[in-house]
Amino acid sequence: MPLLFYSMHHNSPTPVSITPSLNSTKKSQTIFHLLEWKKCLNMRDLQQIHAQMIITGFIHHIPSLTKLISHSISGDSTGLTYASMIFNHTQQPNIVIWNTILRGFVNHKLPKRALLGYVDMLQESRTIPDRFTFPSLLKGCAQSLDFHEGKILHGHIIKFNLVSDLYIETTLITMYAACGDLNSARAVFEKMGQRNQVVWTSMIGGYARNHYPTEALLLFTEMEEEGEDPDEVTMVSLLSACAELKDLEYGKKLHLRIRESDMKVCVFLGTALVDMYTKCGELDSARKVFDELPDRNVVAWSAMISGYVQNNRSKEALRLFKEMVTESDQNPNEITILAVLSACAQVGDLDLGRWVHAYIGRAGLKNYISLQNSLIDMYSKCGRIDTACQIFYDMPERDVVSWNAMITGLALHGLGKEALNQFTLMQTAGIQPDDITFIGVLSACSHGGLVQEGCRHFQNMKVQYGIPPKLEHYGCMVDLLSRAGLLEEAKEYIREMPMKPNGAIWGALLSACRVYNNVELGEEAANHLLNLEPENDGVYVLLSNIYARKQKWEEVRMVRSLMHKRGIRKTPGCSSIVVDGVSHEFLVGGHSHPESEKVHLMLDHVTQKLKLAGYVAETSEVLLNIDEEEKEGSVSQHSEKLAICFGLLKTRAGTEIVIMKNLRVCTDCHSAIKLISKVFQREITVRDRSRFHHFKDGFCSCRDYW
DNA sequence: ATAGGGTTAG
1 MPLLFYSMHH NSPTPVSITP SLNSTKKSQT IFHLLEWKKC LNMRDLQQIH
51 AQMIITGFIH HIPSLTKLIS HSISGDSTGL TYASMIFNHT QQPNIVIWNT
101 ILRGFVNHKL PKRALLGYVD MLQESRTIPD RFTFPSLLKG CAQSLDFHEG
151 KILHGHIIKF NLVSDLYIET TLITMYAACG DLNSARAVFE KMGQRNQVVW
201 TSMIGGYARN HYPTEALLLF TEMEEEGEDP DEVTMVSLLS ACAELKDLEY
251 GKKLHLRIRE SDMKVCVFLG TALVDMYTKC GELDSARKVF DELPDRNVVA
301 WSAMISGYVQ NNRSKEALRL FKEMVTESDQ NPNEITILAV LSACAQVGDL
351 DLGRWVHAYI GRAGLKNYIS LQNSLIDMYS KCGRIDTACQ IFYDMPERDV
401 VSWNAMITGL ALHGLGKEAL NQFTLMQTAG IQPDDITFIG VLSACSHGGL
451 VQEGCRHFQN MKVQYGIPPK LEHYGCMVDL LSRAGLLEEA KEYIREMPMK
501 PNGAIWGALL SACRVYNNVE LGEEAANHLL NLEPENDGVY VLLSNIYARK
551 QKWEEVRMVR SLMHKRGIRK TPGCSSIVVD GVSHEFLVGG HSHPESEKVH
601 LMLDHVTQKL KLAGYVAETS EVLLNIDEEE KEGSVSQHSE KLAICFGLLK
651 TRAGTEIVIM KNLRVCTDCH SAIKLISKVF QREITVRDRS RFHHFKDGFC
701 SCRDYW
């Protein structure tokens with residue numbers, strides 16, 4: 001009596017009949033066809049087929065058994081477990097079955113198990129590997145960057161006389177390139193008798209991923225000279241090389257070629273295009289590609305979101321992230337979250353930052369340390385240095401980046417002593433500081449006015465740690481000495497530094513010259529800056545303020561006419577505040593905000609109250625920032641004041657955090673906000689370019705310049 | 001019956 005079982009395709013009720021006769025070719029083909037019938041089988045179906053195979057005896061039909069295992073490993077981890085169970089019950093598996101199970105381990109990101117299996121295969125099973133064995137194993141080595149094992153496998157390949165197999169050669173190139181040994185990869189490539197599209201692509205990809213983008217593009221030229229055409233995969237590597245080089249022209253050419261060819265813009269290729277465009281700063285083109293993608297996975301979303309972040313367009317990044325969470329079926333992964341946290345830090349969106357913090361726990365994201373590091377950075381840049389400390393304290397393991405984030409965060413909050421204390425603890429913990437650490441340390445000294453400590457750390461960095469100071473370190477020193485009023489000493493550092501000082505360095509000196517009324521050095525710094533950055537409106541303003549303080553009106557007029565002649569306008573100050581998860585932006589004297597009427601009424605109210613409390617607007621400097629007609633009104637309408645008024649309007653209590661872009665809090669606003677905090681009983685935190693200013697009860701936490 | 005090259009961060 002024949003056995004009946006229903007096929008797994010539920011709307012196809014045709015029963016398949018199988019008689020338990022072993023060596024019948026016809027019947028064995030039935031099972032075999034069944035296994036070939038669908039590309040993807042679920043566990044239930046597989047188990048049914050497996051059961052039938054045992055009952056009918058087809059379990060001994062090797063091709064069918066291989067197919068069964070092959071189907072099983074193409075599923076999830078349950079499938080792999082099932083496959084290895086079947087495998088373990090197979091007596092004397094042949095090489096084909098071995099190859100299949102080894103591939104299963106590699107494809108499930110278990111390269112170590114694959115290698116152990118291979119050793120078993122050689123030693124226990126005494127089975128000789130063939131040309132199908134090594135591609136999977138080498139792919140595993142490439143995955144886990146197992147250079148040592150990879151080289152051993154290369155030895156085996158030679159021993160088993162398989163060196164001139166095209167597939168093996170390709171995976172050898174991939175393995176060596178993944179492990180960073182481009183010379184060996186190239187050596188394999190050069191020795192090859194024939195090279196197809198895939199071979200070229202794997203060598204090009206090797207250069208691209210090892211940060212040799214020029215070599216990648218050069219090799220592509222050779223590939224074309226040899227008459228091989230690129231395909232989608234080649235294009236992905238080429239685009240990533242263009243992204244690294246920020247070579248928009250080349251990138252556009254590739255995009256054009258893709259459009260003119262019959263290549264399909266799949267997620268992979270689309271993401272590579274998005275990445276290329278964002279790295280080249282062409283966000284609109286990137287977004288266009290992104291919007292036209294038929295389906296978007298996490299990687300595509302992450303590429304677009306971090307593209308916005310890298311181009312300082314965090315508001316758009318967060319808008320897109322919210323769309324991803326609400327309107328797509330894709331779950332943010334570690335990389336998405338890293339970008340989003342950095343966006344939260346940029347715009348000061350503490351609410352969303354907290355949501356993301358909770359999400360990390362809820363989603364059970366891996367890559368724990370970098371996420372915690374990012375959280376530290378986010379909290380400290382959103383004004384919550386206390387929470388940042390707590391996270392740091394709770395971390396079971398910390399790396400250099402964790403310590404750097406903590407030191408930089410403390411420095412940003414003007415907590416110089418605490419930052420230096422943290423640096424000491426870091427050394428006690430045996431963590432080797434790097435160049436970034438010293439940027440944190442030196443900027444902590446600079447914000448805390450700790451001149452001697454700063455100089456000592458600068459020396460130690462060179463002598464004790466052997467870290468050669470970069471431009472940024474000299475910048476910190478110039479800033480440190482300048483802020484402390486040691487202008488000549490700052491100048492000495494500029495003279496001594498082995499590289500050409502950049503705008504930031506002359507800018508630090510110039511700002512200090514304004515504070516300490518040093519016309520001579522100020523002129524010198526400004527002249528350097530006007531050469532380096534003729535478009536920088538701040539320079540003209542600072543210089544004219546320096547002259548104005550000394551009542552050199554002729555010079556003031558000269559600077560202003562120069563500015564006018566060059567067609568440079570002062571970029572308006574911009575501040576933002578997040579209320580109920582929405583970031584609101586204000587420009588100086590601006591009326592662009594939908595509720596600006598109310599905000600200006602509030603500002604009038606605030607000004608009245610401040611006057612009663614004895615506030616007199618300080619206008620001697622700022623009035624020169626702006627065109628004559630705007631003078632009177634604009635002083636009291638600085639963007640940070642508008643943002644603060646919005647906060648007073650919209651929130652009942654708590655801490656307001658105002659983020660300023662491209663500016664420092666000016667003297668006038670500083671004294672005004674001190675009073676607001678007292679009169680309105682609010683804690684206000686203002687974050688400007690370089691630091692936080694916490695205002696409470698008429699006092700400010702920061703100590704410099706005021 | 002079994003095999004190869006690819007995208008997001010730092």
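So for the first sequence, full-length UniProt numbering puts the first residue at 1; every next one is plus one.
Note that the Cβ used here is the ideal one computed from N, Cα and C, for glycine as well.
The structure displayed is predicted, hence computed values, not measured ones.
{"Check": "Is it a yes or a no for the region 507-527 touching the region 482-490, going by three-plus beta-carbon pairs under 8 Å?", "Outcome": "yes"}
{"Check": "So what's GLU683 in DSSP terms, helix, strand or just coil?", "Outcome": "strand"}
{"Check": "Within 10 angstroms of its Cβ, does CYS669 collect 16 or more other Cβ (buried), or is it exposed?", "Outcome": "buried"}
{"Check": "With DSSP run on the structure shown, which of helix, strand or coil describes ILE467?", "Outcome": "coil"}
{"Check": "Flag this pair as touching only if the region 221-231 and the region 244-251 have three or more C-beta atom pairs under 8 Å; answer yes or no.", "Outcome": "no"}
{"Check": "Identify whether GLU628 lies in helix, strand or coil by the three-state DSSP scheme.", "Outcome": "Residue confidence is low: GLU628 scores 40 on pLDDT, short of 50, so the model does not pin down where it sits. Its coordinate-derived value is still stated next. Of the three classes helix, strand and coil, the one that applies to GLU628 here is helix, per DSSP."}
{"Check": "VAL539 by DSSP, collapsed to three states: which one?", "Outcome": "helix"}
{"Check": "Taking only three categories from DSSP, how would you classify ILE568?", "Outcome": "coil"}
{"Check": "I think SER306 touches ALA339, with their Cβ atoms under 8 Å apart; what is that distance to the nearest whole Å?", "Outcome": "4 Å"}
{"Check": "Classify GLY383: buried if its beta carbon has 16 or more other beta carbons within 10 angstroms, exposed otherwise.", "Outcome": "buried"}
{"Check": "Pairing CB atoms from the region 474-485 with CB atoms from the region 437-451, are three or more of them under 8 Å?", "Outcome": "yes"}
{"Check": "Are three or more beta carbon pairs between the region 609-619 and the region 556-575 nearer than 8 Å?", "Outcome": "no"}
{"Check": "Inspect the beta-carbon positions of GLY416 and CYS445 and report whether they are closer than 8 Å.", "Outcome": "yes"}
{"Check": "Quick check: VAL401 and ASN373, are their CB atoms within less than 8 Å of each other?", "Outcome": "yes"}
{"Check": "Measure from the alpha carbon of GLU232 to the alpha carbon of each residue in MET263, LEU162, HIS255, then state which is nearest.", "Outcome": "MET263"}
{"Check": "Work out the CA separation of LYS674 and SER240 for me, nearest whole Å.", "Outcome": "50 Å"}
{"Check": "Determine the extent of the alpha helix (DSSP H) in which VAL188 is found, giving its start and end residues.", "Outcome": "182-191"}
{"Check": "How big is the Cα-Cα spacing for HIS148 and CYS141?", "Outcome": "9 Å"}
{"Check": "Taking the alpha carbon of ASN331 as the point to measure from, which residue in TYR118, HIS89, ALA317, ALA300 has its own alpha carbon closest?", "Outcome": "ALA300"}
{"Check": "I need the straight-line Cα distance from GLU524 to LEU543, nearest angstrom please.", "Outcome": "10 Å"}
{"Check": "CA-CA distance, ILE546 and GLU260?", "Outcome": "59 Å"}
{"Check": "Could you check how far apart the C-beta atoms of ARG131 and LEU162 are, in whole angstroms? I think they sit under 8 Å.", "Outcome": "5 Å"}
{"Check": "Since ALA303 and THR326 should fall inside the 8 Å C-beta cutoff, what is the C-beta to C-beta distance between them, to a whole number of angstroms?", "Outcome": "Rounded, the Cβ-Cβ distance is 19 Å, inconsistent with contact."}
{"Check": "Check this for me: beta carbons of LYS598 and LEU649, under 8 Å apart or not?", "Outcome": "yes"}
{"Check": "For SER671 and MET276, what's the separation of their Cα atoms in angstroms?", "Outcome": "46 Å"}
{"Check": "What are the start and end residues of each continuous alpha helix (DSSP H) run of 4 or more residues lying completely inside the region 134-211, in chain order?", "Outcome": "147-159, 166-178, 182-191, 197-209"}
{"Check": "Just the C-alpha distance for LYS315 and VAL347, rounded to the nearest angstrom, thanks.", "Outcome": "7 Å"}
{"Check": "Return the Cβ separation of TYR465 and PRO433 in integer angstroms, given the expectation that the two are a contact with Cβ distance under 8 Å.", "Outcome": "6 Å"}
{"Check": "Which runs of the alpha helix (DSSP H) spanning at least 4 residues fall entirely within the UniProt repeat \"PPR\" (399-433), listed in chain order?", "Outcome": "400-412, 416-428"}
{"Check": "At what residue ranges does the region 72-121 contain a whole run of the beta strand (DSSP E), taking only runs of 3 or more?", "Outcome": "none"}
{"Check": "What is the residue span of the beta strand (DSSP E) that VAL582 lies within?", "Outcome": "582-587"}
{"Check": "Measuring alpha carbon to alpha carbon, tell me which residue in MET235, ASN88, ILE568 is nearest GLN197.", "Outcome": "MET235"}
{"Check": "Please state the DSSP three-state secondary structure of LYS641.", "Outcome": "helix"}
{"Check": "How big is the Cα-Cα spacing for GLN390 and ILE335?", "Outcome": "23 Å"}
{"Check": "In whole angstroms, what separates the C-alpha of VAL265 from that of ILE173?", "Outcome": "26 Å"}
{"Check": "Between which two residues does the alpha helix (DSSP H) harbouring ILE577 extend?", "Outcome": "Element bounds for ILE577: not the alpha helix (DSSP H) but the beta strand (DSSP E), 574-579."}
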